[in-house]
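Novice:
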Amino acid sequence: MTETLLSIKDLSITFTQYGRFLKPFQSTPLQALNLEVKKGELLAIIGASGSGKSLLAHAIMDILPKNAAVTGDMIYRGQSLTSKRIKQLRGKEMTLIPQSVNYLDPSMKVKHQVRLGISENAKATQEGLFQQFGLKERDGDLYPFQLSGGMLRRVLFTTCISDTVSLIIADEPTPGLHPDALQMVLDQLRSFADKGISVIFITHDIVAASQIADRITIFKEGKAIETAPASFFSGGGEQLQTEFARRLWRTLPQQDFLKGVTHDLRG
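Just so you know, the sequence shown maps onto residues 281 to 547 in my numbering.
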């Protein structure tokens, strides 16, 4: 049996906010989540904007806003992920490819950011990825504002390289990439998993997820409503357990476009 690397148990995230006349109110955009990631598994998480996908990534990396209250448990290699432990693991065993290019420091040259704190061996791997993604050596001497959005996304992808990494969380790494670069990113994520690194791939692109994932979890309104082998996302999705997952799959151009699904996804 494949070892479980990360286990999420009854995870909820609640925000305290203030409305009219500073009256406090609470919202819980991620509710009682349970999932696990096996060692060397590529788990894709699919869902509409606001369904809680990125919140999960931020909870694992302990970078949620201060007004977030987290309940439940996150267990990594058999031990709870406390803030202290996450700080020790972050950037070493656990790395995040963030969704926003604003995570890059605008005042630091690109090459210094992607090589920060990594070994010489990891630097060689990172340089290889730079070349693979069509980034030139001189691009590393530029500042983030001097690169296009697509180039910045490729730069962000190379920041996950480490000799000691066991878990990579890729939060929407493909928007803005041309088809060749997109396929290279997908192939590289699959390659990481094939080498024994666990990968959480957060995306809106169910086709891309079905191409490279071992399993796919569907998020809707802060809840994980189904986790299924990627192979179940084929044909008409008959092997999927929930009607929502089947209808989500069938909205694709090559499927039958069931009416009313677009409203369900956005609502």
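Cβ coordinates follow ideal geometry from the N, Cα and C atoms, glycine included.
This one's a predicted model, so the numbers in the text were calculated from it and none came from an experiment.
#1: If you reduce the DSSP assignment to three classes, tell me which class Gly299 lands in.
#2: Taking the C-alpha atoms as reference points, what is the distance between Phe295 and Ala348?
#3: Apart from the five residues on each side of it in sequence, which residues of its chain come closer than 7 Å, Cβ to Cβ, to Gly397?
#4: What are the start and end residues of the beta strand (DSSP E) that includes Ser405?
#5: Would you check if there are 3 or more beta carbon pairs closer than 8 Å linking the stretch 482-502 to the stretch 316-324?
#6: My output table needs one value for Lys346: the three-state DSSP class, helix, strand or coil.
#7: In chain order, what residues of the same chain have a beta carbon less than 8 Å from the beta carbon of Leu457, not counting five sequence neighbours either side?
#8: How is Lys333 classed by DSSP in three states: helix, strand or coil?
#9: Report, in whole angstroms, the separation of the C-beta atoms of Pro455 and Phe437, which I expect to be a contact under 8 Å.
#10: Could you check the C-alpha separation between Ile480 and Asp451 for me, to the nearest Å?
#11: Check whether the stretch 359-374 and the stretch 338-345 touch, using three or more Cβ-Cβ pairs below 8 Å as the test.
#12: Would you kindly check if the distance between the Cβ of Lys289 and the Cβ of Gly332 is under 8 Å?
Specialist: Looking at the coordinates:
#1: Residue state for Gly299 is assigned as coil, using DSSP reduced to three classes.
#2: Here the alpha carbons of Ala348 and Phe295 stand approximately 5 Å from one another.
#3: By the criterion of a C-beta distance shorter than 7 Å, Gly397 is surrounded in its chain by Gly371, once the five residues flanking it on both sides are discounted.
#4: Per the sequence shown, residue 405 should be read as Thr rather than Ser. For Thr405, no beta strand (DSSP E) segment is defined; the enclosing uninterrupted segment is the alpha helix (DSSP H) at 400-412.
#5: Enough Cβ pairs lie closer than 8 Å, so yes.
#6: Three-state DSSP puts Lys346 in coil, outside helix and strand.
#7: Cβ within range, chain order: Gly430, Arg433, Arg434, Val465.
#8: Helix, per DSSP.
#9: At roughly 12 Å, the Cβ-Cβ gap does not stay under 8 Å, so Pro455 and Phe437 are not in contact.
#10: The C-alpha of Ile480 lies about 8 Å from the C-alpha of Asp451.
#11: The answer is yes - the stretch 338-345 touches the stretch 359-374, with three or more Cβ pairs under 8 Å.
#12: Contact flag unset, no.
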